[in-house]
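Student: Numbering (my numbering), first residue to last: 82 to 231.
Glycine residues also receive a C-beta, built at the ideal position from the N, C-alpha and C atoms.
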């Protein structure tokens with residue numbers, strides 16, 4: 082896949098992922114008490130509503146930095162930042178580690194599952210980009226090899 086086509090894929094992917102994450106995180110924050118919470122003896126405590134809200138901004142900043150680095154053709158660095166953003170969706174798996182999560186209303190299930198799938202797609206793109214970074218950087222932008230030692 083060419084850099085231009087990969088850029089289109091990335092922009093669409095991030096656009097959809099951010100839109101879905103807005104719905105998911107706003108619902109999680111506004112309707113915090115409607116989400117099942119782990120019991121007091123759980124190994125990992127439930128995040129507070131405030132942490133959910135702050136987390137969205139932190140994760141989305143990783144996505145924005147990843148996109149900026151991508152446009153500057155710092156592909157490997159972009160892949161690292163995009164991996165950080167992918168956690169925004171993948172962390173939704175945590176909902177299903179809590180008893181009662183499958184009893185949430187259908188539309189809540191839908192945006193949580195779609196957010197998880199978007200996280201997996203962004204993570205997959207980041208892995209692909211890191212693996213193919215040499216092909217995505219134009220030849221003129223690559224560092225020239227050091228001169229041979231005398």
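1) For residue 181, count neighbouring C-beta atoms within 10 Å of its own C-beta (all shown protein chains included) and say buried if the count is 16 or more, exposed if not.
2) State the CB to CB distance for the pair residue 130 and residue 110, rounded to an integer number of angstroms; the pair is presumed to be in contact (CB under 8 Å).
3) Between the segment 167-186 and the segment 195-210, can you find at least three pairs of beta-carbon atoms closer than 8 Å?
4) Identify, in the order they occur along the chain, each residue of the same chain with its Cβ nearer than 8 Å to the Cβ of residue 199, setting aside the five sequence neighbours on each side.
5) What is the rounded straight-line gap between the Cα of residue 121 and the Cα of residue 177?
6) Could you tell me whether the segment 142-156 touches the segment 182-202, where touching means 3 or more Cβ pairs closer than 8 Å?
7) When we look at the beta-carbon of residue 143 and count the other beta-carbons within 10 Å, is it buried (16 or more) or exposed?
8) Among residues of its own chain, excluding the 5 on either side of residue 127, which ones have a beta-carbon nearer than 6 Å to its beta-carbon?
9) Could you tell me the alpha carbon to alpha carbon distance between residue 137 and residue 159, rounded to whole angstroms?
10) Assuming residue 114 and residue 192 are in contact, meaning their beta carbons sit under 8 Å apart, how far apart are those beta carbons, in whole angstroms?
11) Assign residue 217 to buried or exposed, taking buried as 16 or more other Cβ atoms, counted over all protein chains shown, within 10 Å of its Cβ.
Tutor: In short:
1) exposed
2) So it is a contact: roughly 5 Å between Cβ atoms.
3) yes
4) 94, 97, 98, 101, 102, 170
5) 17 Å
6) no
7) Of the other Cβ atoms in all chains shown, 16 or more fall within 10 Å of the Cβ of residue 143; this residue is therefore buried.
8) 118, 119
9) 19 Å
10) Actually they are not in contact, since the Cβ atoms of residue 114 and residue 192 sit about 17 Å apart, beyond 8 Å.
11) buried
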